[in-house]
């Protein structure tokens, strides 16, 4: 157990290891073919392949960290933590398909459509999205209905046409086009930022926080959401496929606008650090005491190497 | 206005016309690019194309009819009515894609991927699924949180791997295979039946009904869900493309198992009538008085010609 928070430095690796254990166990239990269910084994197999044994679990960790910051119920937060990961996983499955990015490598493994065929990949993605909302609406009273509804609302808005899917559509339409800085920001605010920010707000929804604290968490989520993409663009040109676990250099190869192509490499790296400082300032302004994990996650995602 | 229900025969066409007006207006308003939104116009255009100006709206009508049967709030029921139609619409978009059924004609129009490209079709389907859950979770207090959570649960379960997506995966895996009658029933219970049954239960969730009445509605939903597919299989061999608004005879061409291939045409037609009788018997046993619309919809869907 941790010592009192004022005397012991926070260890992200120890905290993450503990949380990741809970997350992996929960995901494996929820993305499963129940004994009683007649669901087709092949579909569930593709869903499990898409979700398990890979991924940094950044979104679930953000949910759990935000839940801690508002002294929420960690057991309740496990459902939104896994739900947001299912949405992320489905988006990767669909995004990798031949009609989208046509990627064959993901997390060091063949992508889902390579492994299971395109039709199964399409269905697995669809079913993972539905399962996310199933996780958020348990029948057993584990979560009060108001929290269930609130979580579904946050997740649906962040995933849909005014969130992730909308950002992907802008991305699709902008290949080879010279985007302005504002357009590039807007695309990433929707495509990646919305779900990262929603992760923070879903964690916060598992406890209680003042409107001012919620606003500060929203700002934190916006800053790390953007920083995440800036760093992704930087790593796309500085890292190799072995480190990255996916095809490197493909943005440039596909003539996609990126922060690096717009601002240059050095300015992009400086921008990421500036966003990190903004995120930490938002946490400091939140009035919340227990933000060690949120701070450390922001630092990790900006200073990661893959 | 209708005369008192004991003295005036129920007119499905008059009732449907009134409900369809409400449904179309609501769908058009909800699947729209808000002025304030930065959502990409192309994606919303594809979503609107997929949802508007077509379709029998059977599922929304079932929601509204079930709501009437339990004396629920018709205004509240409009949200689940449209949400279930969005799920149906997304499933058609994805099902028509080249990696699935590769269909080019739907409701007499080019399918979404033919019109907008595969990538946009994939995203439009994904965004329609998310929007369905957004519709069910309004922030404005129009629907109490417990109803929101209940509706999300019903819809997610009926759409996912133990519902529609699971049925589609069985369908995918069973092309060219000799299914038993039990396997064919199971496939269609999931693929089509789950969402039709969920439509009934979502309408019922907008009012109050005894457990016995809810069980009777569940039986009604199961019977019409199955009947719908039996009739679909019959029409696939008896109707032509002009009447059907989609490619006729494609099940046989793709060597898909159907009720007709398993039971023969006459027995399939008789089976549909038997399921209609079961559905009506369930309504009679429900103890609910205001089931005219549910009765008429069951009759219509079994005795339809397209």
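Residue numbers (our numbering), protein chains in the order written: chain A, 1 to 306; chain B, 1001 to 1306. For each residue, glycine too, the CB sits at the ideal point set by N, CA and C.
Asked: When the cut-off is 9 angstroms and only beta carbons count, does residue 1262(B) lie next to chain A?; Found: no
Asked: On the CB-based measure, 16 or more other CB atoms within 10 Å of its CB, does residue 1209(B) come out buried or exposed?; Found: buried
Asked: Would you say the segment 99 to 111 of chain A touches the segment 220 to 234 of chain A, given that touching needs at least three Cβ pairs under 8 angstroms?; Found: no
Asked: Please return the same chain residues whose Cβ sits closer than 6 angstroms to the Cβ of residue 9(A), not counting the five positions on each side in sequence.; Found: none
Asked: Just curious, the alpha helix (DSSP H) that residue 1153(B) is in, first and last residue?; Found: 1145 to 1159
Asked: Kindly identify the DSSP beta-bridge partner or partners of residue 110(A).; Found: 105(A)
Asked: Using 9 angstroms as the threshold, is the C-beta distance between residue 12(A) and residue 296(A) below it?; Found: yes
Asked: Please report the residue range of the alpha helix (DSSP H) in which residue 1307(B) lies.; Found: No answer is possible for residue 1307(B): the residues shown for chain B start at 1001 and end at 1306.
Asked: Counting only runs that start and end within the segment 1171 to 1210 of chain B, where is the alpha helix (DSSP H) found for 4 or more residues in a row?; Found: 1181 to 1188, 1194 to 1204
Asked: Please confirm whether residue 1099(B) and residue 1027(B) have their CB atoms less than 9 angstroms apart.; Found: no
Asked: Taking 9 angstroms as the CB-CB cut-off, is residue 145(A) touching chain B?; Found: yes
Asked: Of all the CB atoms in chain B, is at least one closer than 9 angstroms to the CB of residue 126(A)?; Found: yes
Asked: Counting C-beta neighbours from all protein chains within 10 Å, is the total for residue 1(A) 16 or more, i.e. buried, or is it exposed?; Found: Low confidence applies to residue 1(A): its pLDDT is 44, below 50, so where it sits in the model is not reliable, and the reading given next is rough at best. Classification for residue 1(A): exposed.
Asked: Taking a cut of 7 angstroms between CB atoms, which residues from the segment 1008 to 1035 of chain B lie near chain A?; Found: none
Asked: Please state whether the Cβ-Cβ distance between residue 1063(B) and residue 1207(B) is less than 9 angstroms.; Found: no
Asked: Using 8 angstroms as the threshold, is the segment 1124 to 1137 of chain B in touch with the segment 150 to 166 of chain A, meaning 3 or more CB pairs across them?; Found: yes
Asked: Check distances from the C-beta atoms of the segment 1065 to 1089 of chain B to those of chain A and list, in chain order, the residues that come in under 7 angstroms.; Found: none
Asked: So for residue 1139(B), helix, strand or coil by DSSP?; Found: coil
Asked: Who are the near neighbours of residue 72(A) in its chain, counting only those whose CB is closer than 6 angstroms to its CB and skipping five residues on each side?; Found: 206, 207
Asked: Hey, is residue 176(A)'s beta-carbon within less than 9 angstroms of any beta-carbon in chain B?; Found: no
Asked: Following a CB-centred definition, is residue 1301(B) positioned closer than 8 angstroms to any heavy atom of the ligand HEM?; Found: The ligand HEM is absent from the structure shown, which contains no ligands of any kind.
Asked: Am I right that residue 137(A) and residue 1153(B) are in contact with their C-beta atoms under 8 angstroms? What's the rounded C-beta distance?; Found: 4 angstroms
Asked: DSSP on residue 1258(B), reduced to helix/strand/coil?; Found: coil
Asked: Cutting at 6 angstroms between CB atoms, please list the residues of its own chain near residue 1015(B), excluding the five before and the five after it.; Found: 1293
Asked: Since residue 94(A) and residue 1126(B) are thought to touch, with beta carbons under 8 angstroms apart, how far apart are those beta carbons, to the nearest angstrom?; Found: 6 angstroms
Asked: With a threshold of 9 angstroms between beta-carbons, can residue 1296(B) be considered close to chain A, or not?; Found: no
Asked: Spatial neighbours of residue 1047(B) within its chain, please: CB distance less than 7 angstroms, with the 5 preceding and 5 following residues excluded, ordered by chain position.; Found: 1031, 1124, 1127, 1128
Asked: How many angstroms separate the CA atom of residue 1167(B) from the CA atom of residue 261(A)?; Found: 45 angstroms
Asked: Please confirm if residue 1119(B) has its CB atom under 9 angstroms from at least one CB of chain A.; Found: yes
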